[in-house]
Each structure stands twice: as C-alpha cells, then as structure tokens.
Amino acid sequence: MATSPQPSGGSAAEGWTLKQIASDIPLTASAREAIELAQRLATTSGAARTEPLHVLAAIVLSPRNPGHKAMVALNVDMASLRNASDWRELDPARPAAAAPISPATRYLLINAHREAEQIGHYRVDGLHLLLALLYKDSTATAQRLEEAGLSIYAIRQYLTTPGSTPKDVRQRPLPKLDGAVRVSPVFGIPVGAMLLGGAGLWSGAAPGLTLPLTILFVLGGWVTSLCIHEFGHAFMAYLGGDRSVAAGYLSLNPLKYLHPLLSIGLPVVFLLLGGIGIPGGAVYLNEQAIRNNRWRSLASAAGPVSNLLFAILIGWPFVVFQGGAPFGNEQFWAALAFLVFVELSAVVLNLIPIPPFDGFGIIAPWLSIELRILANRLGMLPLLVLFFLLWQGGPVSATFWNFVYGLSSSLNIPPELVDLGHQQFLP
C-alpha cells in the first residue's frame, strides 16, 4: 500500500498536490484527468481543498471516464447526481487553479489503490475511485451514490466482466529511478584515461609516447564502453522489474562488472587477435523478476545497443567530415578510428545468436526450455569454437570482418586509418 509524501505546505491542513500524490500512487490518464478536474471544481465552488465530493462530481461530469461509463452501464440515476443543488453551477470547462488535495481525498486515493491491488491492477482509474467513494468512511459520496442506485457490490461485479477495465490499469508502471542510478567515482578512471590519452595524441607534443598514449586511449575507451554496456543491461532489467541490479550495477563502476575470465583474459586475447571487442564484464540478472519475455529480450539487447550508441557518439567527426582528419594529429584520428572499429566489432560479435553472447540472450526467452538447458550445459564452448574459427580464417572469419568493415564504412571511417590505429596499438 502506498503512502504519500509530506503535504505541499508542510501540514495536512495545507493539503497535497497531485504530483505529490501521483509519486506514490500510480494513476491512469483518466484518473489524473478526474483529479485535476476535481481540483478545478473545488476552486470554482469556493472550497479551500479538494474533497471526495469534488472527485465524485468530476467523474459524473466526465462522460469519457471509466467510472462514468460504469455508472451508465449499471443504470445509475445520473440526472439526480448532476442536478444536486451544490453541483448545478459547476462548469467542467471553466478554467481555475488547482485546489490542494485534502487528507480525506488522499485517503480516498489510498483506498482506491488498495482496491486496484486486490484485483491485480497496477494503476488506479475511475472504477477504483468509484469503489473508494462507496466506502462507508466517505459518508457524503457513499450516500449520494447509493441514493442514485449504485452499490459497491455492483461495481465489483462490473469489474469482473470481460473488457470492463481499460488496458492501462493492467500495465505495470515503470519503477522510479530516484536513488537507483548513480555514477561511481571509479568510473572516472577509465574516462580520465581515455581523455588523457586522447589529449596527448591530439597535441602531438610527444611523438615518442604514441604507443603508451594509444594504449591509454583505446583501453580507457574500451573499459568506459564496457561499463556503459553492462549498465545498459542492468538499466533495462531494472525497468523490467529486476530490482536486484540496483545493488551496484547501476553505478557504472567497472569493479562491479568484473569477471575472472571475461573481464581480463578473453578481452585481451581478442584485442591481440585483431581488434575484436569482446564483452569484458558480467551483470547477473534475476530473470524471474523481469516482467515478461519482451523485457528479458530488451535487457539482453541493451548491451550491444549501448556499444553502438557509444561508437556513434565518439565517431561522429568521421560522419560530419566524411572520413577526413580536418585538424589535430593524425595519430589521434587513427586511434579514434581503431576504437570505433573495436566498438563496432563488439556490436557484431554480441549479436551472434549463440551462448553466451547477447544475441542468444535476445532469443533465449522465446526458445523451449530444453534448448535453454542445452545452451546452459554448453557453457563457454560455443564462444571458444567461434574464437577458433576467427583465428583460423576462412568463410566465418571473412563474413565477420566484412560485416564489421561494412558498419565502419557506414560511419565514413577509412579502413587505412583503422589499420594505422591498430599498428599504433600493437606495433
């Protein structure tokens, strides 16, 4: 059950804003519209705060509201409600300031949220508001609705009929990111290494240090992209319902993504192989907590998508200047071209649909349980077989590299500049 933050003025007498209430109680668009109208109706009627009666008036005066439609379907005497003596002058189209939400209305919304949760709904709409308006602790609204021919039992029975509730009440709201996402100071180390190496290459002031500066720039950029890659997995999983990733994975801290084999051994070997960007981190997701297969696929796809976005972010000068090096030192542009190439190779490699790559993670949720068990038993074997095929050359290696070079050409990156950067990195 949700609880609301402190009132806008610091006391219950001052009331709450809709923004404060909605921060803890997920509302559908129709529910928000009803509350906003209730706030305006309260102001136009001269009330200091928005009371439950104003919420009821808003539903009665809003034909598109699900609560209004339910009352019509249940043959409620809408005319008697509209013609109540204290509502006759209310004009829903009249502009007015929003009156603060009273404690009684706040409690009404909490009751509506409780009703939604008991039914298995994730958001509050007009039907849940109607249920709360019929509670005996909301005497004034319950009395008017009962006199018009509506009972709480009729609404609950109406809710069980197929198609009675809007789809958005069954849509789980995205989690709040307040406090979950944070940038660790450790993330500044690879970023700083990349900037330092890049600045040194750009200036050309120390040609004798081209090798260490290139290594600093490329490895710093690669570890930076590794953090962004793993953060992408964790961020999408968090939005999908896995709250466990908030314990460090949403911090961009490279130490949180370390894996004994994937973080050190294989990435170095693959870079020595010829500039292949193999993922070097690990984020452990609780797939059972992720809401559905679509979100599980998105969580896997977020990693290579992050690599692609990072490649575009750092490679935009090649797109703008059509592959040329308009200013600065050529060694800098060569190193940058090689780093972008490594990122693009990571995108292609990650999208190969074999375990343990993200490409397999994208399709895995849709495969049979037998195939997933088999893939789990294979472990790292498919990766080692692919490693061997890329090392040996042949059609698999040619296809892979042609695809990577095709992607780099789409960003106007000259192949000869990539080769020069590779030579700087591994002379």
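Residue numbers (my numbering): 41 to 467.
Where is the CB? At the ideal position from N, CA and C, for every residue including glycine.
Quick caveat, the model's predicted, so the values are computed rather than measured.
DSSP-derived helix/strand/coil call for residue i
i: residue 56; result: strand
i: residue 205; result: coil
i: residue 164; result: strand
i: residue 330; result: coil
i: residue 453; result: coil
i: residue 394; result: coil
i: residue 42; result: Bear in mind that a pLDDT of 42 at residue 42, under 50, signals an unreliable position, so the number given afterwards is only what the model happens to contain. Of the three classes helix, strand and coil, the one that applies to residue 42 here is coil, per DSSP.
i: residue 448; result: helix
i: residue 466; result: coil
Proximal residues to residue i (C-beta, below 7 Å), its chain only, five neighbours per side dropped
i: residue 61; result: 44, 141, 146 and 149
i: residue 277; result: 285, 325, 330 and 339
i: residue 265; result: 347, 350 and 383
i: residue 211; result: 162 and 163
i: residue 399; result: 390, 391, 392 and 393
i: residue 76; result: 58 and 138
i: residue 42; result: Low confidence applies here, because residue 42 scores a pLDDT of 42, under 50, leaving its location unreliable and the question unanswered by this model.
Close-in-space but distant-in-sequence residues of the same chain around residue i (CB under 8 Å, 5 per side omitted)
i: residue 250; result: 241, 371 and 464
i: residue 110; result: 166, 167, 170, 195, 198 and 204
i: residue 235; result: 260
i: residue 214; result: 279
i: residue 444; result: 381, 384, 385 and 388
i: residue 174; result: 181, 182, 185, 186, 190, 191, 192 and 195
i: residue 116; result: 185, 188, 189 and 190
i: residue 403; result: 337 and 393
Option in the options with minimal Cα separation from residue i
i: residue 441; options: 386, 219 and 143; result: 386
i: residue 462; options: 333, 419 and 376; result: 376
i: residue 397; options: 341, 354 and 268; result: 341
i: residue 80; options: 131, 113, 66 and 263; result: 131
i: residue 123; options: 188, 360, 104 and 156; result: 188
i: residue 253; options: 374, 125 and 83; result: 374
i: residue 67; options: 154, 113 and 133; result: 154
i: residue 272; options: 333, 70, 97 and 344; result: 344
i: residue 73; options: 448, 83 and 95; result: 95
i: residue 100; options: 298, 258 and 127; result: 127
i: residue 255; options: 237, 420 and 268; result: 237
i: residue 294; options: 281, 270, 356 and 355; result: 270
i: residue 448; options: 352, 433 and 422; result: 352
i: residue 451; options: 263, 138 and 362; result: 362
i: residue 258; options: 93, 360 and 230; result: 230
i: residue 208; options: 125, 69, 427 and 459; result: 69
i: residue 244; options: 409, 113, 368 and 227; result: 368
i: residue 268; options: 233, 227, 248 and 239; result: 227
i: residue 102; options: 88, 133 and 129; result: 133
i: residue 143; options: 239, 248 and 151; result: 151
i: residue 263; options: 333, 379, 247 and 274; result: 379
i: residue 405; options: 421, 425, 119 and 333; result: 333
Nonlocal neighbours in the same chain, by C-beta distance under 6 Å from residue i, ignoring five residues either side
i: residue 223; result: 292
i: residue 456; result: none
i: residue 156; result: 164 and 168
i: residue 438; result: none
i: residue 358; result: 451, 452 and 453
i: residue 466; result: none
i: residue 282; result: 325, 326, 329 and 330
Extent of the continuous alpha helix (DSSP H) to which residue i belongs
i: residue 422; result: 421-432
i: residue 406; result: Neither: residue 406 is in no alpha helix (DSSP H) and is coded neither H nor E.
i: residue 278; result: 250-279
i: residue 229; result: 228-243
Subject >> Any alpha helix (DSSP H) of 4 or more consecutive residues that is wholly inside the region 47-119 >> reply: 58-62, 69-84, 92-100 and 106-113
**OP:** Output the residue ranges of the alpha helix (DSSP H) runs that lie fully inside the region 156-200 and measure 4 residues or longer, sorted by chain position.
**Re:** 166-173, 179-187 and 192-199
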